[in-house]
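Quick note on this note's numbering: the sequence shown kicks off at 1473 and runs consecutively.
Here a beta-carbon is modelled for each residue, glycine too, at the ideal position from N, C-alpha and C.
Since the structure is predicted, the reported quantities are computational estimates derived from the model, not experimental observations.
The next block holds one structure in the form of C-alpha cells; read it before the comments.
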Amino acid sequence: MYWFYLVSLFVSFAAALHLDVKAEAKPKPVCVRDFVQEGQLVVVNIKTNGRVGDGQVLDMKIVDSLGNEHRSKKDLAGTVKVAFTSAYSAAFDVCFTNHQERKWSRHTELSREIELEIESGAAARDWNAVQAAEKLKPAEVELKKVEEMTKEIAAQLQYLKVREATMRDTNESTNSRVKYFSILVILSLVGFGTWQISYLRHYFKVKHII
C-alpha cells in the first residue's frame, strides 16, 4: 500500500494529466483523485482549449471524500488556477462536467481538452517568493524544497502506519466478535438439540413407544 501512495505523490509532482472531456446534454463527471494531508496547501492548475460560447459549458468542482466542497468554477475556458488548504487528511476529487448547449445539439463531436496539474505541500509553495524573502541562493532553494518534500513523505508514511494499525485493530475486534458469536450459536444449537432429544424421549415414554 505504501508504494501506491508514494508513486501517486511523485507523479503529482512530476507531470500534468491530459484529459478529453466530451460535451453531452446530460454529462457524467470526469474525476481525478488525489490525497492531501491535514493543513496542506493544494494548488490546481487547469488549462483548457475552446472558449466561452463555443457550445460547451465546462464546470469544475473539487470535493473531498468527507463530502466537503473546496472549490467550484462555472464555464471554464483558458487557464484557471485555484487553491485551498485542507482541514483534514483525506482523498479529494477534481471533477469536470462538460454540458452541451441545446442550440449546438446537432454537433456530436464537441469536446474540451484539459491539462490538469495538481500540486500539494512543498510543490504548491511559491518558492520564488521564499527565495526573495529569505535571500536564498538557487541551490539553497532546491535543498529547502527537497527537505520539505522529505518531511511530507515521512508524515505520509506515519499517517499510513497509524491508519494500518487502526484497520488492523478493527479487523481483530471484528474477528473476535465473530468468533464469540459463532461459539454462542454452536452452544445454542447443542443446547437446543439436547433439549429436543430429552423432550422426544419423554414424549415417547409417555406414549409407551419406548
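Beta-carbon gap between residue i and residue j smaller than 8 Å
i            : j            : result
residue 1613 : residue 1602 : yes
residue 1564 : residue 1535 : yes
residue 1512 : residue 1558 : yes
residue 1589 : residue 1488 : yes
Paired residues, beta bridge with residue i - DSSP
i            : result
residue 1563 : 1507
residue 1634 : DSSP output for residue 1634 lists no bridge partner at all.
residue 1568 : 1502 and 1532
residue 1493 : 1584
DSSP-derived helix/strand/coil call for residue i
i            : result
residue 1679 : coil
residue 1488 : coil
residue 1609 : coil
residue 1620 : helix
residue 1481 : Legend: pLDDT at residue 1481 = 43, less than 50; position of this residue unreliable, value from coordinates given subsequently. Helix at residue 1481.
residue 1476 : Reliability fails at residue 1476, whose pLDDT of 39 lies under 50, so the model's placement of it is uncertain and the value that follows must be treated cautiously. Correct three-state label for residue 1476: helix.
Should the region 1520-1532 be regarded as contacting the region 1548-1563, the criterion being three or more beta carbon pairs within less than 8 Å?
The region 1520-1532 vs the region 1548-1563: in contact.
Contiguous beta strand (DSSP E) assignments of at least 3 residues, all confined to the region 1497-1561
1502-1508, 1513-1520, 1528-1536, 1541-1545 and 1550-1557, all fully within the region 1497-1561.
Output the residue ranges of the beta strand (DSSP E) runs that lie fully inside the region 1570-1596 and measure 3 residues or longer, sorted by chain position.
Those beta strand (DSSP E) runs which fall completely within the region 1570-1596 and span 3+ residues are 1583-1592.
Given 8 Å as the limit, is there contact between the region 1568-1584 and the region 1592-1602, that is, 3 or more CB pairs closer than that?
By the Cβ criterion, the region 1568-1584 is not in contact with the region 1592-1602, since fewer than three pairs of Cβ atoms, one from each stretch, lie closer than 8 Å.
Pairing CB atoms from the region 1487-1496 with CB atoms from the region 1569-1579, are three or more of them under 8 Å?
A contact is defined here as three or more CB-CB pairs under 8 Å, and the region 1487-1496 meets this definition with respect to the region 1569-1579.
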